[in-house]
Amino acid sequence: MNTYIDIGINLTNKQFQNDIDDVVQNALDADVSQMILTGTSVRNSEESAKIARQYPGVLYATAGIHPHDAKSFDAQSISKLRNLLTQKHIVSVGECGLDFDRDFSPRNIQEVCYKAQLELAIEVQKPLFLHERAAFTRFMSITNEYLPQLPKAVVHCFTGSLQEAKMYLNNGLYLGFTGAISDSKRFDHLKEVIQYVPLDRIMIETDAPFMLPKNTPSNLLKKYHERRCEPAFLPFVAGTVAKFKGISLDKVAEETTGNARKFFGI
Ligand SMILES: [Zn+2]
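According to the UniProt record's numbering, the sequence shown holds residues 1 to 266 in order.
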């Protein structure tokens, strides 16, 4: 039997507010044995931590501030995140990084907020869950300043170019892939990226309720949540990786699960 680990789900999203128990159970039934909730602000990280605590050994969470939320960063933010990170089921710092695509927070504030979280990761020695969108050059130059001391880091929901993937790999980073890889209309180039990236540097995630894998069979979609992605669909992300690489699903499951276990220490 295959086992999968979903390294990024947004279970605090209101699309899940009425059926968290079912969503977790459906994931377990689909062999997704562990899931990591993504914390995107101090408040959201606290909420994620609370949900994860109710499913010991199954749900874990990250604690961090998404670049969109950098505008909420204040003098107390880091101590609140540090406090969360003392808990055993809070396994990672993030998500954090830069997003110059939508610019929901001013870029200079995003940078201050990102650097503070890199320093926090160095202090608490927990791995980093990183977000970068349309900010590759600046992101890489900031990250590089800290690289020698940084714990392990994964760039989640990677949709960048092959060139960018190579730079990340050369700097020792892991890459997280979502259902975006099955969207050949928008992300056709990711096939070549997946073929290039060694399996021991790949982790998989659904980013639920977003990024519904295109290859999810329609009979699995819930009537009232047609476009909602769920962690139970993670095997379809693995299936696309297997198809692109021309290897078995078992191999993808085994390796990506092993990577996530080691990376997050779960
Ligand atoms: Zn993200």
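Glycine included, C-beta positions come from ideal geometry on N, C-alpha and C.
This structure is a prediction, so every number in the text was calculated from the model and none was measured.
Can residue i be considered in contact with ligand 1, in the sense that its beta carbon sits closer than 7 Å to one or more heavy atoms?
i: HIS131; result: yes
i: CYS157; result: yes
i: GLU226; result: no
i: GLU95; result: yes
Our contact map puts residue i next to residue j with C-beta atoms below 8 Å; I'd like the distance itself, whole angstroms only.
i: ASP99; j: GLN110; result: 7 Å
i: PRO209; j: ASN10; result: 7 Å
i: ALA121; j: LEU150; result: 7 Å
i: ALA30; j: SER48; result: Incorrect: roughly 21 Å between the Cβ atoms, too far for contact.
i: CYS157; j: ASP188; result: 17 Å between Cβ atoms; not a contact.
i: ASN2; j: LEU249; result: 7 Å
i: PHE139; j: GLU132; result: 4 Å
i: ILE142; j: TYR114; result: 6 Å
i: VAL112; j: PHE73; result: 7 Å
Do residue i and residue j have their C-beta atoms closer together than 8 Å?
i: GLY176; j: CYS229; result: no
i: LEU190; j: ILE181; result: yes
i: VAL91; j: ILE247; result: no
i: GLY57; j: GLY39; result: no
i: THR256; j: ALA238; result: yes
i: LEU85; j: VAL42; result: no
i: ILE51; j: LEU28; result: no
i: LYS245; j: ILE194; result: yes
i: LYS152; j: PHE263; result: yes
i: VAL23; j: PRO213; result: no
i: PHE136; j: GLU119; result: no
Quick one: is residue i buried, meaning 16 or more other Cβ sit within 10 Å of its Cβ, or exposed?
i: GLU123; result: exposed
i: MET35; result: buried
i: GLY8; result: buried
i: GLU192; result: exposed
i: LYS126; result: buried
i: LEU220; result: exposed
i: PHE129; result: buried
i: ASP6; result: buried
i: ASN170; result: exposed
i: SER105; result: buried
i: GLU95; result: buried
i: ASN259; result: buried
i: GLU226; result: exposed
i: ASP103; result: exposed
i: TYR4; result: buried
i: GLY97; result: buried
i: TYR174; result: buried
i: TYR196; result: exposed
i: ASP69; result: buried
i: ALA253; result: buried
i: GLY172; result: exposed
i: PRO148; result: exposed
i: PRO198; result: exposed
i: SER77; result: buried
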